[in-house]
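What follows is a set of notes on a single structure, which appears directly below.
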Amino acid sequence: MIAVIFELEPRAGYEDRYFSLAADLKPVLETVEGFISVERFQSLNAPGRYLSLSFWEDEAAVQRWRNQEAHRGAQRAGRESIFAHYRLRVAHVMRDYGLTEREQAPSDSRSFHVMPFHAMKRQAKT
587 MIAVIFELEP RAGYEDRYFS LAADLKPVLE TVEGFISVER FQSLNAPGRY
637 LSLSFWEDEA AVQRWRNQEA HRGAQRAGRE SIFAHYRLRV AHVMRDYGLT
687 EREQAPSDSR SFHVMPFHAM KRQAKT
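Take the sequence shown: its position 125, counted from the start at 1, is 711 in the numbering used here, and no numbers get skipped.
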């Protein structure tokens, strides 16, 4: 699994343009083979800064999105007029686990943390 971490800061007056472009691209994004999910977060420390976090099955899926025609047009618009700053980080996900999905948790973590009772009840219902 690949994580794409896209930090961005729209130029003053261009925030609505960014959100409009992102909304237009979302239906296209969801059709890309290998796309898993995307969420956007706003910084609590730096107003006007955002982070888009997407997950992909593999690097080939990221490449399909990177080279998608509508996305290339949005990239151009972002670089030419929308963004004051951005940074992209692309990383392999080493482990993926949560409160009840513990298979990929390190063994020392699994042996130390016992599943909370409320999580055991929820897991038993499914």
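For each residue, glycine too, the CB sits at the ideal point set by N, CA and C.
Can you tell me whether residue i is buried or exposed? The criterion is at least 16 other CB atoms within 10 Å of its CB, across all chains shown.
| i | result |
| --- | --- |
| S640 | buried |
| V648 | buried |
| P613 | exposed |
| I591 | exposed |
Give a yes or no on whether the C-beta atoms belonging to residue i and residue j are separated by under 9 Å.
| i | j | result |
| --- | --- | --- |
| A670 | R681 | no |
| A660 | L607 | yes |
List the DSSP bridge partners of residue i.
| i | result |
| --- | --- |
| F627 | L637 |
| W642 | I588 and F621 |
Going by DSSP in three states, residue i sits in which element: helix, strand or coil?
| i | result |
| --- | --- |
| V618 | coil |
| E593 | strand |
| V676 | strand |
| H671 | strand |
| Y600 | coil |
| H699 | coil |
For residue i, is the beta carbon positioned less than 8 Å from some heavy atom of the ligand FMN?
| i | result |
| --- | --- |
| A663 | The ligand FMN is absent from the structure shown, which contains no ligands of any kind. |
Is it true that the stretch 617-628 meets the stretch 642-658, where meeting means three or more beta-carbon pairs spaced less than 8 Å apart?
yes
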